[in-house]
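The next block holds one structure in the form of structure tokens; read it before the comments.
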Amino acid sequence: MAENTGELQAINTAWQIAIQEILRMVIRDVYHVGGEVAFMNHIKRIEEAAVDGIYTDLRLRGTDDWTEVLVKEKASNFVTTLLTSFTFDRA
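Throughout the sequence shown, residue numbering follows the numbering used here, covering 5 to 95 in sequence.
Following this line, the structure appears as structure tokens:
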């Protein structure tokens, strides 16, 4: 079982890294024009809207309330961690 757990963790980590890099490129390209302050304001707006969407719109079929709350909390934490890792690239 430990081998399967390690493989699952590797898959999850790889997925997170891939999504982060794609989003980093998209967000940089879309929001780079307005300068650093505008960039950080866009990041904050995206984070707030994503977390709000997770808590208000996400409905998981076939799960109990505890699981749904846990998934929403983890998804929200992931959004915050991901978006706050973005920095304004002056290049």
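Every residue, glycine too, gets a C-beta built ideally from N, C-alpha and C.
Close Cβ partners of residue i (< 6 Å) along its chain, the five nearest in sequence each way excluded
| i | result |
| --- | --- |
| Leu86 | Gln24 |
| Ala54 | Val83 |
| Ala79 | Ile58 |
Buried/exposed call for residue i, threshold 16 Cβ in 10 Å
| i | result |
| --- | --- |
| Tyr35 | buried |
CB of residue i within 8 Å of CB of residue j, strictly
| i | j | result |
| --- | --- | --- |
| Val83 | Glu51 | yes |
Straight-line gap, residue i to residue j (C-alpha atoms, nearest Å)
| i | j | result |
| --- | --- | --- |
| Asp33 | Phe90 | 12 Å |
| Trp19 | Asp93 | 23 Å |
| Leu12 | Leu64 | 21 Å |
| Ala14 | Asp61 | 29 Å |
| Val41 | Ile47 | 10 Å |
| Gly39 | Ala22 | 26 Å |
Proximal residues to residue i (C-beta, below 8 Å), its chain only, five neighbours per side dropped
| i | result |
| --- | --- |
| Thr67 | Val75 |
Within-8 Å CB hit, residue i to chain D
| i | result |
| --- | --- |
| His46 | In the displayed structure, chain D is absent; only one protein chain is listed. |
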